[in-house]
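Sequences listed follow chains A, B, C and D, in order. The C-terminal position of the first sequence is numbered 329 in my numbering, with every residue numbered one higher than the one before it. The C-terminal position of the second sequence is numbered 329 in my numbering, with every residue numbered one higher than the one before it. The C-terminal position of the third sequence is numbered 255 in my numbering, with every residue numbered one higher than the one before it. The C-terminal position of the fourth sequence is numbered 255 in my numbering, with every residue numbered one higher than the one before it. Each residue gets a CB set at the ideal place from its N, CA and C atoms; glycine is no exception. Quick caveat: nothing in here was measured; it's all calculated off a predicted structure. Everything on this sheet refers to the single structure shown next.
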Amino acid sequence: MEVLESGLGELFQKPDVWGFREWVHKHKDKTLTSKLMTEQEAVAKFVKDGDYLGTELYGTVRAPMSLTREVIRQGKKHLKLAGQGIHEIDLLLAADLVDTLDITYIAWEVYGISSILRRAVESGRVKTADWSNGAITWRFKAAAMGIPFIPTLSMLGTDTLKNSSAKVVKCPFTGQKVALLPALFLDVGLIHVHRGDKYGNCQIDGISGFAFELARASKKLIVSAEEIIDTEEIKKYPEHTIIPFFLVDAVVHAPYGSHPGEMCYNYWRDEGHLMNFLEDSKDIVKTKAYMDKYVYGPKNHDDYIKLVGIDRLKKLESMIGGR
Amino acid sequence: MEVLESGLGELFQKPDVWGFREWVHKHKDKTLTSKLMTEQEAVAKFVKDGDYLGTELYGTVRAPMSLTREVIRQGKKHLKLAGQGIHEIDLLLAADLVDTLDITYIAWEVYGISSILRRAVESGRVKTADWSNGAITWRFKAAAMGIPFIPTLSMLGTDTLKNSSAKVVKCPFTGQKVALLPALFLDVGLIHVHRGDKYGNCQIDGISGFAFELARASKKLIVSAEEIIDTEEIKKYPEHTIIPFFLVDAVVHAPYGSHPGEMCYNYWRDEGHLMNFLEDSKDIVKTKAYMDKYVYGPKNHDDYIKLVGIDRLKKLESMIGGR
Amino acid sequence: MADYNETEFLICVASRLMQDRTIAFVGTGIPMLAASLAKKMHAPELVVAFEFGGLGASLDKLPLGVGDSRTFHKALIASGICDAMETAQRGFIEYGFLGGAQIDMYGNLNTTVIGKYWPPKVRLPGSGGANDVASHCWKTIAIMRQHDTKRFVKKLDFLTTPGYLTGPGTREEAGLPPNTGPYRVVSNLGVMGYDDKSKRMMLLATNPGITKEQVVQNSEFEMLVADKIAVNPEPSAQELKILREHVDPDKLYI
Amino acid sequence: MADYNETEFLICVASRLMQDRTIAFVGTGIPMLAASLAKKMHAPELVVAFEFGGLGASLDKLPLGVGDSRTFHKALIASGICDAMETAQRGFIEYGFLGGAQIDMYGNLNTTVIGKYWPPKVRLPGSGGANDVASHCWKTIAIMRQHDTKRFVKKLDFLTTPGYLTGPGTREEAGLPPNTGPYRVVSNLGVMGYDDKSKRMMLLATNPGITKEQVVQNSEFEMLVADKIAVNPEPSAQELKILREHVDPDKLYI
Chain A
7 MEVLESGLGE
17 LFQKPDVWGF
27 REWVHKHKDK
37 TLTSKLMTEQ
47 EAVAKFVKDG
57 DYLGTELYGT
67 VRAPMSLTRE
77 VIRQGKKHLK
87 LAGQGIHEID
97 LLLAADLVDT
107 LDITYIAWEV
117 YGISSILRRA
127 VESGRVKTAD
137 WSNGAITWRF
147 KAAAMGIPFI
157 PTLSMLGTDT
167 LKNSSAKVVK
177 CPFTGQKVAL
187 LPALFLDVGL
197 IHVHRGDKYG
207 NCQIDGISGF
217 AFELARASKK
227 LIVSAEEIID
237 TEEIKKYPEH
247 TIIPFFLVDA
257 VVHAPYGSHP
267 GEMCYNYWRD
277 EGHLMNFLED
287 SKDIVKTKAY
297 MDKYVYGPKN
307 HDDYIKLVGI
317 DRLKKLESMI
327 GGR
Chain B
7 MEVLESGLGE
17 LFQKPDVWGF
27 REWVHKHKDK
37 TLTSKLMTEQ
47 EAVAKFVKDG
57 DYLGTELYGT
67 VRAPMSLTRE
77 VIRQGKKHLK
87 LAGQGIHEID
97 LLLAADLVDT
107 LDITYIAWEV
117 YGISSILRRA
127 VESGRVKTAD
137 WSNGAITWRF
147 KAAAMGIPFI
157 PTLSMLGTDT
167 LKNSSAKVVK
177 CPFTGQKVAL
187 LPALFLDVGL
197 IHVHRGDKYG
207 NCQIDGISGF
217 AFELARASKK
227 LIVSAEEIID
237 TEEIKKYPEH
247 TIIPFFLVDA
257 VVHAPYGSHP
267 GEMCYNYWRD
277 EGHLMNFLED
287 SKDIVKTKAY
297 MDKYVYGPKN
307 HDDYIKLVGI
317 DRLKKLESMI
327 GGR
Chain C
2 MADYNETEFL
12 ICVASRLMQD
22 RTIAFVGTGI
32 PMLAASLAKK
42 MHAPELVVAF
52 EFGGLGASLD
62 KLPLGVGDSR
72 TFHKALIASG
82 ICDAMETAQR
92 GFIEYGFLGG
102 AQIDMYGNLN
112 TTVIGKYWPP
122 KVRLPGSGGA
132 NDVASHCWKT
142 IAIMRQHDTK
152 RFVKKLDFLT
162 TPGYLTGPGT
172 REEAGLPPNT
182 GPYRVVSNLG
192 VMGYDDKSKR
202 MMLLATNPGI
212 TKEQVVQNSE
222 FEMLVADKIA
232 VNPEPSAQEL
242 KILREHVDPD
252 KLYI
Chain D
2 MADYNETEFL
12 ICVASRLMQD
22 RTIAFVGTGI
32 PMLAASLAKK
42 MHAPELVVAF
52 EFGGLGASLD
62 KLPLGVGDSR
72 TFHKALIASG
82 ICDAMETAQR
92 GFIEYGFLGG
102 AQIDMYGNLN
112 TTVIGKYWPP
122 KVRLPGSGGA
132 NDVASHCWKT
142 IAIMRQHDTK
152 RFVKKLDFLT
162 TPGYLTGPGT
172 REEAGLPPNT
182 GPYRVVSNLG
192 VMGYDDKSKR
202 MMLLATNPGI
212 TKEQVVQNSE
222 FEMLVADKIA
232 VNPEPSAQEL
242 KILREHVDPD
252 KLYI
């Protein structure tokens, strides 16, 4: 294919379709075996130094926070990340565990830019390549489809394309220019869901963001769930399964697993906690104190829940809207 | 893009992304206006001679049969079709309304090949191009994504590719060969669903086949529904909406709209009716008699229901499995 | 005349640009408030699309982000980011509302870096959905809270999100969909559009008390000025009442 | 020894090839019956995938097609055709079961036309999902009810679905995934595999009363013969009982 233009951004993860196929063929367990385990077991077993890691969420909503805190506690280093994210990426960056970022948006939405991201990237500690939100999700989608690239009309004509690793070609059917996005296969995906069974069949309420795509794009997939349900419930409404068991390596029961973020229909986001963090994050010493208290302090998610306090969590439950 | 190999099949519908965009911009109604109408009104208003038509179904399951019969009654000619289909395509072919077929599979599954297809294609009356099931659905998916083509590893190395209009190129990221499938934008899509509101927000139970893709790939979309529900029901579970209102041009209330096919959780397929048709279809005169009785005879779907008989339909309801 | 602050005025001006019976992509902050206000004023059938998959939400309560539960509360569909972006890519979404740290005379936006790309002087959030929205929506409206020469610049440090790129025909030349592009810019000084022929930004209306000279002086690039400059009506008592009591009663933004 | 017909034997032989704790794509007819029998015999955890989106169904009742409600009754996921095909394209599906009007010595199949492409002498159904299944699954198993020289041919009228194409390395050369391809052929005469080196079809086992010469003579192409030919065990009483009483009690197929 004649390439008209190539983005100059580094391709942090090659779109190795054959490698992914061989990997899942060899390693993925297609049997109905319970994958219930603690977050310590899951992270110890399935996350390695140097892994390319992806988290699925919408801002601070349905974020795999309990899993992220455990990744940090276990000090998994030299991680590559794809983000689209906020609090979980801030924490990983603050812990200095990240080497590269395929970034589309890391900031606090209406509350502005991330001080931690600024320190990490402006110091040259973390390398970046830039993409649009659509583009990075379509990269997951290409991986989920098992193809090496996918075309889009996004990013054309911009520095975003120039600093990505997309390529521009001419469509052989229409003659129009399109950007080709390389598939993004993750070493590890982290997803927090409303409910799943012990095998890893999962349901999500409300919007599903990019859970469908990220789950299918991950070599190893760790799922945390607010609730563990019986497989009979899954079988009753199989059209509600968004992640089938054979994609999943570990299922972690994690009530309030998205705290301090929101979980739709379950609990509202902890605005006070996040505002304090946002303030703390502007200062290196205060960031460290936050990390010590909320990430390194608790030995696991149960401990974290106790630290935050069940009354506070119940209050957040009372603040969430219904249908 | 350097093309290594080009399928020699005719491209019956060009992947005109800009044309589709302009069309939906100009014609699609983005307002919450009732689109409830009879199948006569819907077909008269939205199907034209020469249109490229797509039906969504799984074999004889959740097939838009009431809409198909109306298309035939109104004698819409020179149609182009994409199939993956059985009974509805047999009827359109038997009525001699079809000029070209992007075919992936037209047959009666375990009961064997379609006599009507044989007569239509072997006589040279209907032109064909061949695809795999995956490929034709990915062509809809490309259209649904708004991109001119999508890659796949299907069809490579085969006469199926040679007699399609796919093209083989080298992936600029990995060097591997991939087949590029041209997006398939439909002039008209026909879909039968379990329930929808008057604006066209639709829900489907069980597997969703390629309803998501076909709905989004259609310039004009006619939906028939077993049940018309209140919009408040849609709003309560927005994650169950598979087709949002702004894709839809007409909503037709059609209980038993998939007869003689199945509608999961509603009614089982009418095996007796289909076996008789299958036998009749082997003979031109008997095929015509079937068409006269079941397609041209009833003046609308209500009439058809009366002809089939409510007792028979109630029996089919009793035969369907639950969850 | 009611007393109001600059943010409230900005919201009202943006809100009035939102056309009833269309689909609009809105982001966090002012676009969200403007959409909510529009739905309660002149545009009850405005269909609000959020990039993570919520479409047609009631906006009874103000979302805190583009993916929180309020973005799909009583919505007509709650799907995912691919469906939302692809709906735009297919041409179904009329308006997109954006912001940026810098904008140039062709309406291109920078939300990526100040200084060189890497390591940058200031790392900004990145494109987010902005690049997609501006690539695919028919008309984009940029909201710039602070109109000054550091933000309305001759040359962007980084072109994150496409406007008219380097002038007429260059969007199409790059492969972007025909007949799309920037439509309006709403700033704290006024409302800008684009000259049909040159595709350059042009002042259309000023806020009360603001002169066209102020707008020109606060733009580093040469701002075109329409023959006839309108004055944006101040927020009405009804707009302010709805904005304060119904759109953002908890004072999250205003 | 129980009395049984040829179809029943074919189902039993195919069933025994279905490996427990794997995911298999099955089509209508014999593969479906074989899968149902396997789940009730040696492979209770066989995960059956249907191309329209049902995966992990109970198969308590025999489906009539690859998309009917029985293909997702008490299933673990009911999605759509894209998800099913892409799961295979990503390498998650071990086995695929296929049929065809013609098969050649490299396991390529024809289900499209007899005669030239258009207009053809006989128009067959077309690929359906077969081409996808054979392109993406790790191992494909072809089921041919009638083993004769018109069906086991030197040259296909049309290569619908890829086997080993024209020999070793040609799948990979065409762009198909490495280490995939035809694994077994089950016919009314016996079971064939493929020679590792030449990728040509090779007789592995005959049905009772069938000689290897009969298999060779009923194949138009030169059928390789393994050094040691096994004999397929006849259907056991238990297999027949389950097949007749539980798999297909309504005698839809047998």
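Compare the C-alpha of D/T150 against each of D/S220, D/A79, D/V48, D/D249 and name the closest.
-> Nearest of D/S220, D/A79, D/V48, D/D249 to D/T150, Cα basis: D/S220.
Which whole-angstrom value is the C-beta distance of D/L160 and D/N109, which I expect to be below 8 Å?
-> Separation of the CB atoms of D/L160 and D/N109 is rounded to 5 Å, and the pair is thereby assigned contact status at 8 Å.
Alpha-carbon spacing of A/S66 relative to D/D84, whole angstroms = A small fix is needed here, since residue 66 of chain A is Thr in this sequence, not Ser. Between the alpha carbons of A/T66 and D/D84 lies a distance of about 28 Å.
In chain order, what residues of the stretch 77-101 of chain D put their CB closer than 7 Å to some CB of chain B?
-> Taking 7 Å as the Cβ-Cβ cut-off, the stretch 77-101 of chain D approaches chain B at A79, S80, G81, I82, C83, M86, Q90, given in chain order.
Whose Cβ in chain A lies nearer than 8 Å to the Cβ of D/I24?
-> Residues of chain A passing the Cβ test: K36, F252.
C/K200 to C/Y165 span [Cα, whole Å] = Their Cα atoms are separated by approximately 7 Å.
Going by the CB atoms, is the gap between C/V187 and C/V14 shorter than 8 Å?
-> In contact: C/V14 and C/V187 (Cβ atoms closer than 8 Å).
Proximal residues, the stretch 135-168 of chain B versus chain D, C-beta separation under 8 Å | Of all residues in the stretch 135-168 of chain B, D136, W137, S138, N139, G140, A141, T143, W144, K147, T158, L159, S160, M161, L162, G163, T164, D165, T166 have a Cβ within less than 8 Å of some Cβ in chain D.
Inter-residue spacing [alpha-carbon to alpha-carbon] between D/A131 and C/G176 | Cα-Cα distance, rounded: 36 Å.
Taking C-alpha atoms, which residue in B/E16, B/V23, B/T237 lies nearest to C/A89?
-> With distances taken between Cα atoms, C/A89 lies closest to B/V23.
Whose Cβ in chain B lies nearer than 8 Å to the Cβ of A/K242?
-> Think of a sphere of 8 Å around the beta carbon of A/K242: the chain B residues whose beta carbon falls inside it are R329, in chain order.
Report the three-state DSSP secondary structure of A/N139 (helix, strand or coil).
-> Correct three-state label for A/N139: helix.
Contact list for A/C177 against chain B, beta-carbon separation under 7 Å | Going along chain B in sequence order, the residues near A/C177 (Cβ under 7 Å) are P154, F155.
Whether A/F216 touches C/G81 by CB criterion (8 Å) | For A/F216 and C/G81, yes; Cβs fall inside 8 Å.
Any beta-carbon of chain A closer than 8 Å to the one on C/Y254?
-> Yes, C/Y254 counts as interfacial toward chain A.
Counted within 10 angstroms of its Cβ, other Cβ atoms place A/Y64 as buried (16 or more) or exposed = A/Y64 is buried by the Cβ-count criterion.
Three-state secondary structure assigned by DSSP to B/C208 | In the structure shown, B/C208 sits in a strand (DSSP, three-state: E or B).
Contacts of D/H137 in chain G (Cβ-Cβ under 8 Å) | The structure shown has no chain G; the protein chains it does contain are A, B, C and D.
B/A256: first and last residue of the uninterrupted beta strand (DSSP E) it sits in | Here the beta strand (DSSP E) through B/A256 covers 256-259.
Selection from D/G54, D/A35, D/R22 that minimises the alpha carbon distance to B/F218 = Nearest option by C-alpha distance: D/G54.
Determine whether the Cβ of D/P179 lies closer than 8 Å to any Cβ atom of chain A.
-> By this cut-off, D/P179 is an interface position.
Between A/L159 and the rest of its own chain, which residues show a CB-CB distance below 6 Å, the 5 nearest in sequence each way excluded?
-> Taking A/L159 as the centre and dropping the five residues before and after it, the same chain places no C-beta closer than 6 Å to its C-beta.
Ordered along the chain, which non-local residues of its own chain (more than five positions away) have a Cβ less than 8 Å from that of B/E285?
-> Closer than 8 Å at the Cβ level, and outside the excluded window around B/E285, lie K292.
Any non-hydrogen atom of the ligand HEM closer than 7 Å to D/D61 Cβ = Absent from the structure shown: the ligand HEM. Ligands present: none.
Determine the contact status of A/G140 and C/D133, defining contact as a CB-CB distance below 8 Å.
-> Cβ atoms of A/G140 and C/D133: closer than 8 Å.
Going along chain B, which residues have a C-beta under 8 Å from C/E46?
-> Those within 8 Å of C/E46 in chain B are T37, L38.
Using 8 Å as the threshold, is the stretch 90-97 of chain A in touch with the stretch 222-242 of chain A, meaning 3 or more CB pairs across them?
-> Per the Cβ contact rule, the stretch 90-97 of chain A is not in contact with the stretch 222-242 of chain A (fewer than 3 Cβ pairs under 8 Å).
For C/I31, three-class secondary structure by DSSP | Here C/I31 sits in helix by DSSP.
A/K204 and A/V257: beta carbons closer than 8 Å?
-> Contact flag set, yes.
Quick one: what does DSSP say D/L11 is sitting in, helix, strand or coil?
-> The answer is helix: DSSP assigns D/L11 an H, G or I state.
Helix or strand or just coil, what does DSSP make of A/P264?
-> According to the sequence shown, residue 264 of chain A is Ser rather than Pro. In this structure, A/S264 counts as coil in the three-state DSSP scheme.
Taking three-plus beta-carbon pairs below 8 Å as touching, is the stretch 237-255 of chain A in contact with the stretch 111-129 of chain A?
-> Flag = no, the stretch 237-255 of chain A and the stretch 111-129 of chain A do not touch.
Of the choices D/Y107, D/V114, D/G68, D/S37, whose alpha-carbon is the least far from that of B/C270?
-> With respect to the C-alpha of B/C270, the residue from D/Y107, D/V114, D/G68, D/S37 having the closest C-alpha is D/G68.
Measure the Cβ-Cβ separation of B/Q19 and B/K82 and say whether it is below 8 Å.
-> It is not a contact, given that the beta carbons lie outside the stated cut-off.
Members of the stretch 63-74 of chain C that neighbour chain B once the beta carbon cut-off is set at 8 Å = From the stretch 63-74 of chain C, only F73 have a Cβ closer than 8 Å to chain B.
When burial is assigned at 16 or more other CB atoms within 10 Å of the CB, is D/M2 buried or exposed?
-> With a pLDDT of only 49 at D/M2, under 50, the local geometry of the prediction cannot be trusted, and no value is derived from it.
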